[in-house]
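Protein chains in written order, with this note's numbering: chain F, 29 to 343; chain H, 29 to 343; chain D, 29 to 343; chain Z, 29 to 343.
Just so it is clear, CB atoms sit at the ideal spot from N, CA and C, and this is done for glycine as well.
Since the structure is predicted, the reported quantities are computational estimates derived from the model, not experimental observations.
There are 4 protein chains.
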Amino acid sequence: MKLTDQQKKEILEQQSQQNMTKRTVSVELEKILYEAISVLDHGFIRVVDYMGEDSSIVQAARVSYGKGTKKVSTDSGLIKYLMRHRHTTPFEMCEIKYHVKLPIFVARQWIRHRTANVNEYSARYSILDKEFYLPAKEHLAAQSKNNRQGRGNLINGKQADAILDMLKQDAERTYKNYEEMLNERFDGTTIDESKDGLARELARMNLTLNTYTQWYWKTDLLNLLNFLNLRTDNHAQYEIRTYADAMLKTVKKWVPIAYEAFVDYRVGGLELSSKSKLVIEKMIKGQACNFENSNLSKREWNELMESFGFTEKII
Amino acid sequence: MKLTDQQKKEILEQQSQQNMTKRTVSVELEKILYEAISVLDHGFIRVVDYMGEDSSIVQAARVSYGKGTKKVSTDSGLIKYLMRHRHTTPFEMCEIKYHVKLPIFVARQWIRHRTANVNEYSARYSILDKEFYLPAKEHLAAQSKNNRQGRGNLINGKQADAILDMLKQDAERTYKNYEEMLNERFDGTTIDESKDGLARELARMNLTLNTYTQWYWKTDLLNLLNFLNLRTDNHAQYEIRTYADAMLKTVKKWVPIAYEAFVDYRVGGLELSSKSKLVIEKMIKGQACNFENSNLSKREWNELMESFGFTEKII
Amino acid sequence: MKLTDQQKKEILEQQSQQNMTKRTVSVELEKILYEAISVLDHGFIRVVDYMGEDSSIVQAARVSYGKGTKKVSTDSGLIKYLMRHRHTTPFEMCEIKYHVKLPIFVARQWIRHRTANVNEYSARYSILDKEFYLPAKEHLAAQSKNNRQGRGNLINGKQADAILDMLKQDAERTYKNYEEMLNERFDGTTIDESKDGLARELARMNLTLNTYTQWYWKTDLLNLLNFLNLRTDNHAQYEIRTYADAMLKTVKKWVPIAYEAFVDYRVGGLELSSKSKLVIEKMIKGQACNFENSNLSKREWNELMESFGFTEKII
Amino acid sequence: MKLTDQQKKEILEQQSQQNMTKRTVSVELEKILYEAISVLDHGFIRVVDYMGEDSSIVQAARVSYGKGTKKVSTDSGLIKYLMRHRHTTPFEMCEIKYHVKLPIFVARQWIRHRTANVNEYSARYSILDKEFYLPAKEHLAAQSKNNRQGRGNLINGKQADAILDMLKQDAERTYKNYEEMLNERFDGTTIDESKDGLARELARMNLTLNTYTQWYWKTDLLNLLNFLNLRTDNHAQYEIRTYADAMLKTVKKWVPIAYEAFVDYRVGGLELSSKSKLVIEKMIKGQACNFENSNLSKREWNELMESFGFTEKII
C-alpha cells in the first residue's frame, strides 16, 4: 500500500483531533482511528467513525428487559447470553464506518451484503486510480477438482509467471487505453489539447475487474458480525477474506467482550442438523455408528467427520 | 413528565462524562445530549448517542465524486445540491440514537418505519410503568366529516368531561387488574404471598393502548428525515407529530446545514403532478384556466389551489 | 373463529377462480388458497397469494452457479445443499402473502420482523371488530420462577376463574366505552344522533391489547423461515407460536422440499459453541468430561446436556 | 441479442405452460411472460414470474382503511389517491421477477438499489460468456463540460473509430487471456490437457467491465417504481436507462392503472422547494419576479426555469 502525500496529510490531521464528548468511547479503537491498515497489494481498511461500544449493547438489553436483567450480574455474562440465544437487537445499537480501498471484483462480492450504507468513488465523475491487484505467487492456485468454487493446488514455475504477466500487461494496456479515450492521464493532465475526451461513464468500461476502487462502508455491529462470519470463513475467496480478517481485528479493539462471544459462539461454532445430532448422540453413548446407518448423505457424513477432526471419511 | 430519582441520577451521570475523542463532534448537540425533552403528558425523547455531523455528509460526497466535487466550493452548497437532487447516500453516513417514552398506540404507528434499530422495554420480562396518556382538553376532537383519517371540531363541555373520565377510569381499572393478575404491584411489591402471579406475557394483554412504553430507537439521518417528513406533516396524528416536532429540533442542533436544506426542499416543498404542472404553466402565462379545463379531479384541483393559498375551491 | 357471512362469501368467490397462467404453480398450496385456518379463539391465517415454489429455488441456484450445478443431479439434493451451507439468496426467490387476524399484543411481537410488507387494518379510518382474545384455561400459566420470560405452573381453580373474569369484563367495558366515545356501535349504527363522536384515532387508545386486528403480511421464503424458526421455538410466547405452527403447515404444502430441509437443518438442529464442541469431542472419545473441566458456565453446561437429553444437570 | 438454441428452447418450454390457478392474473403480462426483450447489443430483460396486479393494490388498501375506503368508488380513483399521497405500502403487495443480461458496469450501478433479491451468475463457479458491450456510434459522447456526470457532444470520425477499436480489441484480448489462464475455452473445451487451469475466482479479474453478466432480480412494485423513477430519468447513464425503459413497458402491461398514476405523479411531476414555490406564486399573481429577488441560487433558478420551459436562464 502506497499512500499519496495528500492522503498521509489527511490522516495525520484527522488523528490529531482532540475533541471533548459526552458520548461513550472505545479507548482501544480510538488508538487506531483513521489509521490505514494494509490489505493485499494496494488496498487498505480504515475505521473512520464509530458509535457505542460493549456498554451500549448492555444498556440496550437492560432497557429491553428492565428489571428482568438484574440477575445477570456482569456485562460479560449478559453479552454472552445475548449472543448465545441470538437476541440480536442489542448488537444493532453499535455502528461503525470504514474507508476501504479494494479491487472491483472484491467490491462486487462485498456489496451483496445489503444491510449497510455505502458511498463509492464514482467513475462517472472522476478518474480511477492507476492501481490494480496482482496476486502474490503463493496465492496463484488452480481450480479445485472437487469443490466448484474453491482453489486447489498451487500453480508454479513458468505457468505462474505467464499468468502474472498476462494480468499485469492486460491491466496496464487497458488502463493506458482508458487514459487515451479520456484524453486525460491519471494525474489529470490532458493528452491532446485539440480533442475532447470520451465521457468518463463510458471510458471506465475498458478497465479490468482487478482495478482498485474505494468506498465508505457503514454498518451496525450485528450486520458486521454476520458479514465477518461469512467472509472470514475458509470457503470465502482469499481476497475478500483478508479484508474480513483485518476488520475482525478492529472489532476486537472496539467491542472486546462481544468479540470474544462472537469467536466462541459463531466463528468456532458448529451447526448440527437433526440427523447429525442423532449420530453424535449414538457416538457419545458408544453405540455402533457408521455412514451406512447414519441416514446422512456421503457429503454430510464427510462434513460432520471433518468438523470433529475424525478420519472416517467416505469417498 | 415526571422522572424518577433513579432516572434523574442516571441522566446526570451520563451528562457529566468528559471523554476525549478523535471523532467529529456536533457541539450544539453535545449540549443537550441525554437530556429528557418532555412530550405529551408523560412521554419524552432523549438523544443518547450520535455519529457524524454535517461534515460527514460532505466527506462522503467528496469520496464519491472525487475531484468532481471540487467546483462546489462550500459545504453548504454541496449539502443543498445533494438534498435537491435526492443524492441520498451521503445522508446515510450520520447515525443517531434516541431514548423515547411513548404511548403504545403511538409506538404502533412509529414501528411501521422499518429502517431503524429498536430495543423496546419488554412486558414479557418486566412490569410496565403505571402511566397512560390522557389527551389535553384542547386535543379532544370529533371525527372529521370530510377526511376519513382526520380530526374535526373540538368536543367540549360535558361530553369532553365524560370522555376523559372514561379514558382515565378504564386505564386505571385495567392497570389495577393487571397488578391483580400479576399478584404484584407496579413498585415490585407482592400482593398476596400465598399465590403465584399470572405470567407477565399474558397479564399485559389487559392494558389499554394509551399505556406508556419506552424504547431505544436508532436510525441514520436519511431515514430519520423521511420519518420526520411524514410525521411532522399535518396529516399525521397529533400525538406522533409532537414527537416528530421535538426530534426535528434536535436535528437542527445536530446537522444545522442539512436541517436547513431539509426544511427548504422537503417540509416546505410541494410535489406537482404532470397535469398540475400544466395548470400552473397556464396560470403563469395568464391563460384562462379553471377546474373544467384542468384535467384534474375535484380533489386534485382543490389540493392544488390550497397548496398555493388560492381560494378557487370546488366543492 | 366465526367468519361473517360477507367474509365467507368473499372467500368462496376467491376460491372459485379458475385462471390460466404460464407461471409455475404449487398444486398442494392451491388447494388451500384463501382458506381461513383457525388460530386462537377468534384469529386466523389465510394464504392469499404466492409466487414460485421449490423449482424456483433450484432455478435461481442454477442461474447463479451455471454449469457448476450440473453435478448435483437432483432438485432435492441441491436444495438441501443450499440450506446446509446457508446459501440463502435462492430462497428469496419465492414470495407468499398471508391475511392474518391476530390480537394486538401478538401483532406487536410479529412486527419486529422488519423484512416484510404489511398492510394493517387502520383504526384511524375504521372501527375495530368487537373481538378480543381470552386464553383457554389450559394456557393460564404463572410466571416462571427460573426463566424471566417464560411460563411456569398452571393457574387453576378460583384464581383462574377470577383472571378470566377480569380479562373478559375489562375488554368488554373498554370496548363499550370505545363505542360510547365514538358515538357509534361496532355495527356502524349511531348511538346519539345529536352528538359528534370522538375521532377514531383517539378513541382507539381505550382498547386493551387483546383486541383483534388484522393485516396482509407478505414476505419471501428466506425471511419467512427465519420468522418461523424463531417463532415455532419453545421459547416463543405460546400465542404467537400457534400462528407460526399454522403457517409452517402451509409452507409444507407450498415448498415441500425446502420444508424438509428446513426441519432437518434448522428446527431440529443444534448450534454448538467452540467450547461445547470440545466437550462433545471428549465425550465421543470417552474421555473424562464434566462440568468442572468443561470451561462452560453452569447455564451453558445445562443447556448442552438438555439438548442431548442427558441428565447430568448442574443446579 | 443472440440467444443460444438452448435458451430458445427453454423459453419456448416455459411459455408453453398452461397451468390452472386461483391466484389473480395479469392477462397482458402473461402474453409476454418469459419473452427475451432485447436491450443494448447483447443484453435482455425477461419477466419470469410475478404476483398480484392492480386489484392487489386495491385489496390491500381496502383491508387497511376498512369501511373508510367505501367512498372512493373506483379502483382507479383509489390507486391514484394512494400514489398522490405517497401511501406506499399497498404497492408493496405486488412482486415481480426479472431475468436480466447486462454489462458488469451497469450491474454495479443497479445493485446499489438494496431492496431487491438477487441471484447473479457466479464467475467463481462458471465461465462467463464471451460477450461484451460495445456502444453504438451514436452513443459515443464526450465528457460534458458543465455537468460532471453527463455526456456532451458526440465524438465522430477517426476518434470514434479509434475508441471502438480499443474497446473491442481490449475486451477480446483480455477474454482470450482469461481462457488461457483457465486453460479452458468459453465453450468448455480444454486448451492444454497437460496443465491445470487457474481458479475461476482468480481468472475473472482479467475481464473488462463491459463483459456481460446475468441475474435474477426480484422486487416489489413500490421499489421497482422507485428504481424506474431514478433510472428512466435523463440524468441516469444511457446504458442503464435503456434497461429501465424496457422494464417500464412491462410495468404498463402488468399494472396499467398504477403505471398511469406513476407517470402522472412521478415521472412527469416536479418537486418545488419552498423558495421556488414562492417564485411561482409571484409569477401567477403577475408580480415582478426575477433571479435577483428570487432568493434562489443561479443553479436553482435555472433548473426552475428549465422545468417550466421558460427561457430566462441566468448564465
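For Z:Cys317, same chain residues with a beta-carbon under 7 Å away, outside a window of 5 residues either side, are Val307, Lys310, Met311 in chain order. Under the DSSP assignment, F:Lys277 falls in the alpha helix (DSSP H) whose first and last residues are 266 to 282. Using a CB distance cut-off of 8 Å, H:Asn147 counts as an interface residue toward chain F.
With respect to chain Z, the C-beta atom of F:Arg213 has no partner C-beta closer than 8 Å. Taking a C-beta cut-off of 8 Å against chain D, the contacting residues of the region 282 to 298 of chain F are Val291, Asp292, Tyr293, Val295, Gly296, Gly297, Leu298, listed in chain order. For F:Glu309, the chain D residues whose C-beta falls within less than 7 Å of its own C-beta are Phe336, listed in chain order. Within the region 57 to 78 of chain F, those residues whose Cβ lies closer than 8 Å to any Cβ of chain H are, in chain order, Glu58, Leu61, Tyr62, Asp77, Tyr78. Between H:Lys305 and chain Z, the shortest Cβ-Cβ separation is below 8 Å.
At a cut-off of 4 residues, the continuous stretches assigned as alpha helix (DSSP H) that sit fully inside the region 57 to 106 of chain H are 82 to 93. The beta carbon of D:Arg51 sits closer than 8 Å to some beta carbon of chain Z. Secondary structure within the region 281 to 318 of chain Z: the alpha helix (DSSP H) runs of 4 or more consecutive residues, fully enclosed, are 284 to 290, 302 to 312 (chain order).
Burial state of D:Ser222 is exposed, judged by a 10 Å Cβ sphere holding fewer than 16 other Cβ atoms.
A distance of 8 Å or more separates the beta carbons of Z:Leu31 and Z:Gln43.
Nearest to F:Phe160 by C-alpha distance, out of F:Asn211, F:Tyr240, F:Gly216, is F:Tyr240.
With a threshold of 8 Å between beta carbons, D:Tyr240 makes no contact with chain H. Taken in chain order, the complete alpha helix (DSSP H) segments of 4 or more residues contained in the region 218 to 266 of chain Z are 228 to 231, 249 to 259. Here F:Gln171 is bridged, per DSSP, to F:Arg179. Pairing F:Glu38 with H:Gln87, the inter-Cα distance amounts to about 12 Å. Exclusion of the five residues before and after F:Glu81 leaves Thr52, Val53, Ser54, Leu57, Cys122, Trp282, Val283 as the residues of its chain whose Cβ lies within less than 8 Å of its Cβ.
For D:Ile191, there is no enclosing beta strand (DSSP E); the enclosing alpha helix (DSSP H) covers residues 185 to 210. Nearest in C-alpha terms to F:Met209, of all of F:Asn184, F:Arg152, F:Leu110, F:Leu226, is F:Leu226. Proximity of chain Z to F:Ile107 at the Cβ level (cut-off 7 Å) is not reached, the minimal Cβ distance being about 29 Å.
The region 236 to 250 of chain H and the region 143 to 150 of chain H touch, with three or more beta-carbon pairs separated by less than 8 Å. Here F:Lys246 has Lys125, Asn145 as same chain residues with Cβ atoms under 6 Å from its own Cβ, once five neighbours each way along the sequence are excluded. For Z:Leu249, the closest Cβ of chain H is not nearer than 8 Å.
Rounded to whole angstroms, H:Asp248 and H:Pro118 show a C-alpha spacing of 10 Å. Residue burial annotation: F:Met233 is buried, with at least 16 other C-beta atoms found within 10 angstroms of its C-beta.
Going by DSSP, Z:Glu120 is part of no beta strand (DSSP E) at all; its letter is neither H nor E. If you compare the alpha carbons of F:Ile285, F:Lys313, F:Arg259, F:Gln315 with that of F:Ile139, the shortest gap goes to F:Arg259.
DSSP places H:Asn47 in the uninterrupted beta strand (DSSP E) bounded by 47 to 49. Just so you know, the alpha carbons of D:Thr278 and D:Ala289 end up roughly 15 Å apart.
Taking 7 Å as the upper bound on Cβ-Cβ separation, chain F lies near no residue of the region 217 to 234 of chain H. Between H:Leu235 and H:Tyr203, the C-beta gap is smaller than 8 Å, which places the two residues in contact. Nearest CB-CB separation between H:Gln35 and chain F: not below the 8 Å threshold.
For D:Leu252, the closest C-alpha among the options D:Thr143, D:Met194, D:Lys50, D:Lys36 is that of D:Thr143. The beta-carbon of F:Asn47 is placed less than 8 Å from the nearest beta-carbon of chain H.
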